[in-house]
Structures are given as structure tokens and as C-alpha cells.
Amino acid sequence: MADLDDLREGSRFGIGTEVANQTFHVKGAGNLPWGMKDRLSRIFNPKSGKSVMLAFDHGFIMGPTSGLERIDLNIVPLIEYADCIMCARGILQSTVPPTFNKPICLRADAGSTILTELNDNVIIDIEDALRMNVSAMAVMLAIGDPVMEARTVANLYKAVDNGAKYGIPVMGVTAVGKDMARDSRYFGLASRVAAENGANIVKTYYCDGFENVVAACPVPVVIAGGKKLPELEALELCYKAINDGAAGVDMGRNVFQSEKPVAMIQAVHAVVHDGLTPQQGLEMFNDL
Ligand code: 5RP
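Following this note's numbering, the numbering of the sequence shown begins with 110 at its first residue and continues without gaps.
This is how it looks when you write it as C-alpha cells:
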């Protein structure tokens, strides 16, 4: 029985004050259910609308590549500076402390390594993704690959179906095969295909004409960093991508292969969220 002693009448009904219309800061997500929006809000900062995702999933196809030999030593100290982390489940469960409470974009497909051609990728059981409390699942799309295109589109499609049941967004990751062009026509097509098949976020590469890639993609686009560049060039890449409409970066090697990864991720964060110029970002990097 509820305690009825001291039951106080409500009096603050705000009569005369309209209920504010809520808008949502993530592109293309206004019509999604609450759980999806909650997860997307954990990834994309509601104030800046942007995200710095730290990608360290490379080992799932490359093994212990430079900078990722010891995730506990090289990556864990960076996590506090990231808005979101992207990794595969084996590293998440074995090495990432669950106490960070950072949103996780889980690498949710697997199958190939760098030792073989792209082959029969599979996607994760959605219940395992739920058990790890992930905020998004990342699935690769090999658009233009004669063998793997259909398989990877089917994987994305299935991941979107699975995610929709439980409110988990999906990030479509556009692959760069050796025979695929790296221009705005290709990335624009691949990004749009990802979004049309239900991806809530698209990860692709920066290129000339990137503003067209972003404009034609109805959901947020984040860029991969690609191979290691000098710090100033990496910050320029971030700056240009944000200027051209990217919603953030999902960056790996340009952070964890930097001589000073902790300083680099903070400089990237400042360029993405606070509008620092690449030069200001470099000064921050040097100061740190
Ligand atoms: C590959 C990926 C990687 O996470 C991605 O390439 C980001 O890393 P980097 O900035 O080192 O390119 O999704 O499919």
C-alpha cells in the first residue's frame, strides 16, 4: 500500500507555457525511436552535433599492427578523450575496462584478414551486441566488389533489421578495395547505398568533392583517417572534413601511431568540436 501520509497536491502545472517542440541533432534521425536516439546522442555530442570516434578495430583483420600491439598500454589511456570507441568484441571484452562508460561502436562483421581476398563475412548475433551494451554496430560494405558486394549489402541489411528490433543504430563502413576508385563519385555512391539500405551513420574517406558526398547522404558521415600522416596534415584532414559537413571522425592510425597519441586525440577533438584551425590544433598538440 502506498504511503498516503503527507500526500501533497501538485501545483506547478506551468499553465500558459507551451510544451517545447523537441528537435534532434543527428541528421536523418528525427523519426527514429527513443532508444536509437539515446544511443546516437551518446555518440554525437548534442551541443556540437559532432563525434570523435577512436577506431582500433584494425587488429581483427591485420593482427597486432603498429600502435595496437598492446591495447592495454597504447589504447586504454586514450579512451577518456574519445566520444566513442570502435573495436571488435574480443578486444572489448578482454582489454577495455567496462568502467569507462563510453559508447561503443562495435565492429559487428568478420570473416576476412589481410592475408586473403575479402571473403564470406558474417555478422554478430544481436544478443551478443546487446549483452555488451553497444551504442552502434559497424558493418563493412564492399560496393563495387564483384564477389562481395551482394554479401556485404545483405550483411548491412540484416544488421539494420536486427538493430531496429532493439534500438541499436548501424554504421555502414565503405570499404576501399584495390580496384575501387577513391573519389567523390565512388564514395558518394557507396555512402548513399549504405544509407538507403538503412545505415544510421556512414563512415567513409575524405576526398575532393567531399561536400557532395555529405550532401547526398541523408545520415551523418564520419571520416576514417587512413594511413598515418604528419600531425598537421591529419588535423587539416579533420578540419576540411568538418568544414565540408562531416559529423565527425572515426580515426585510428593518425591517433595511435602518432608520437604523442594522448596529445593528438585532444587536438583532433578540439578541431572537430571547437572549430580550431589545423594550425591552432598543431599548437595545442605541441603544447600538450
Ligand atoms: C576499417 C575501419 C577502420 O577502423 C578505419 O579504417 C579507421 O581507421 P584509420 O583512421 O586508421 O583509417 O573501419 O574498415
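Cβ atoms here follow ideal geometry from the backbone N, Cα and C, with glycine treated the same way.
Q. Is there at least one Cβ from chain C nearer than 9 Å to ALA217's Cβ?
A. Looking at the structure shown, chain C is missing, and only one protein chain is on hand.
Q) Going along the chain, which residues put their C-beta within less than 7 Å of some heavy atom in the ligand 5RP? A) With 7 Å as the limit, the residues whose C-beta approaches any heavy atom of the ligand 5RP more closely are ALA164, ASP166, HIS167, MET195, ALA247, MET249, VAL282, ALA284, LYS312, ALA333, GLY334, GLY335, ASP359, MET360, GLY361, ARG362 and ASN363, in sequence along the chain.
Q. How about LEU344 and ILE332: are their beta carbons less than 9 Å apart?
A. As a working mapping, residue 344 is identified with position 235 in the sequence shown. As a working mapping, residue 332 is identified with position 223 in the sequence shown. In this structure, LEU344 sits away from ILE332, with a CB-CB distance that is not shorter than 9 Å.
Q: Find out if the Cβ-Cβ distance for the pair ILE277, ARG148 is shorter than 9 Å.
A: Indexing the sequence shown from 1 puts residue 277 at position 168. Indexing the sequence shown from 1 puts residue 148 at position 39. A Cβ-Cβ contact shorter than 9 Å links ILE277 with ARG148.
Q) How many angstroms separate the CA atom of ARG291 from the CA atom of PHE319? A) The sequence position of residue 291 within the sequence shown is 182, counting from 1. The sequence position of residue 319 within the sequence shown is 210, counting from 1. Cα to Cα, the separation comes out at about 11 Å.
Q) Of the choices ALA191, ILE184, PRO173 and ASN363, whose alpha-carbon is the least far from that of VAL161? A) Your numbering for residue 161 matches position 52 in the sequence shown. Looking at the Cα atoms, ALA191 is the closest of the given residues.
Q: Enumerate, from N- to C-terminal direction, the unbroken beta strand (DSSP E) stretches of 3 or more residues contained entirely within the segment 306-350.
A: Every beta strand (DSSP E) stretch that sits fully inside the segment 306-350 and reaches 3 residues is listed by chain position as 310-313 and 330-333.
Q) What did DSSP end up calling ASP359 once you bin it into helix, strand or coil? A) The residue you call residue 359 lines up with position 250 of the sequence shown. Strand.
Q: Could you check how far apart the C-beta atoms of ARG362 and GLY390 are, in whole angstroms? I think they sit under 8 Å.
A: For the purposes of this step, residue 362 is taken as residue 253 along the sequence shown, with counting starting at 1. For the purposes of this step, residue 390 is taken as residue 281 along the sequence shown, with counting starting at 1. With a Cβ gap of about 17 Å, ARG362 and GLY390 do not count as contacting.
Q) Do you know whose CA, among PRO339, SER293 and VAL243, lies nearest ASP317's CA? A) For the purposes of this step, residue 317 is taken as residue 208 along the sequence shown, with counting starting at 1. Of the candidates PRO339, SER293 and VAL243, SER293 places its Cα closest to the Cα of ASP317.
Q: List the endpoints of the continuous alpha helix (DSSP H) containing ARG260.
A: The count along the sequence shown starts at 1 and reaches residue 260 at position 151. Unbroken alpha helix (DSSP H) run through ARG260: 258-275.
Q) How big is the Cα-Cα spacing for MET246 and PRO212? A) Within the sequence shown, numbered from 1, the residue matching residue 246 stands at position 137. Within the sequence shown, numbered from 1, the residue matching residue 212 stands at position 103. Put simply, the backbone Cα of MET246 is about 11 Å away from that of PRO212.
Q. Using DSSP with H/G/I as helix, E/B as strand and the rest coil, what is VAL285?
A. Your numbering for residue 285 matches position 176 in the sequence shown. Secondary structure at VAL285: coil, using DSSP grouped into helix, strand and coil.
Q | Span separating the alpha-carbon of VAL355 from that of GLY281 | A | Mapped onto the sequence shown, residue 355 falls at position 246. Mapped onto the sequence shown, residue 281 falls at position 172. The sequence given here places Ala at residue 355; Val does not occur at that position. Between ALA355 and GLY281, the alpha-carbon positions lie close to 15 Å from each other.
(Q) For the beta strand (DSSP E) containing ALA245, name the first residue and the last one. (A) Position 136 of the sequence shown, counted from the start, is the residue given in the question as residue 245. Counting along the chain, ALA245 sits inside the beta strand (DSSP E) bounded by residues 245-250.
Q: Please look up how many angstroms separate the CB atoms of GLU340 and PHE394, rounded, as I've assumed it's under 8 Å.
A: For the purposes of this step, residue 340 is identified with residue 231 of the sequence shown, where counting begins at 1. For the purposes of this step, residue 394 is identified with residue 285 of the sequence shown, where counting begins at 1. About 6 Å; that satisfies the 8 Å criterion.
Q) The beta strand (DSSP E) spanning TYR216 covers which residue range? A) For the purposes of this step, residue 216 is identified with residue 107 of the sequence shown, where counting begins at 1. Reading the sequence as shown, one finds Arg at residue 216 and not Tyr. Its beta strand (DSSP E) spans residues 213-216.
Q. Ordered along the chain, which non-local residues of its own chain (more than five positions away) have a Cβ less than 7 Å from that of PHE133?
A. What you label residue 133 is simply residue 24 of the sequence shown in a count that begins at 1. Same-chain partners within the cutoff: GLY139 and LYS146.
(Q) Taking DSSP's pairing of strands, which residues face MET195 in a bridge? (A) The residue you call residue 195 lines up with position 86 of the sequence shown. Answer is ALA164 and CYS214.
Q. Helix, strand or coil for MET280 per DSSP?
A. The residue labelled residue 280 in the question sits at position 171 within the sequence shown. Strand, per DSSP.
**Q.** Status (buried if at least 16 other CB within 10 Å, exposed otherwise) for LYS336
**A.** Along the sequence shown, one-based indexing puts residue 336 at 227. With a 10 Å radius around the Cβ and a threshold of 16 neighbouring Cβ atoms, LYS336 comes out exposed.
Q: Determine the burial state of VAL401: buried for a count of at least 16 other Cβ atoms within 10 Å of its Cβ, exposed for fewer.
A: Lying before the first or after the last residue shown, residue 401 is absent from the chain, which here runs from 110 to 397.
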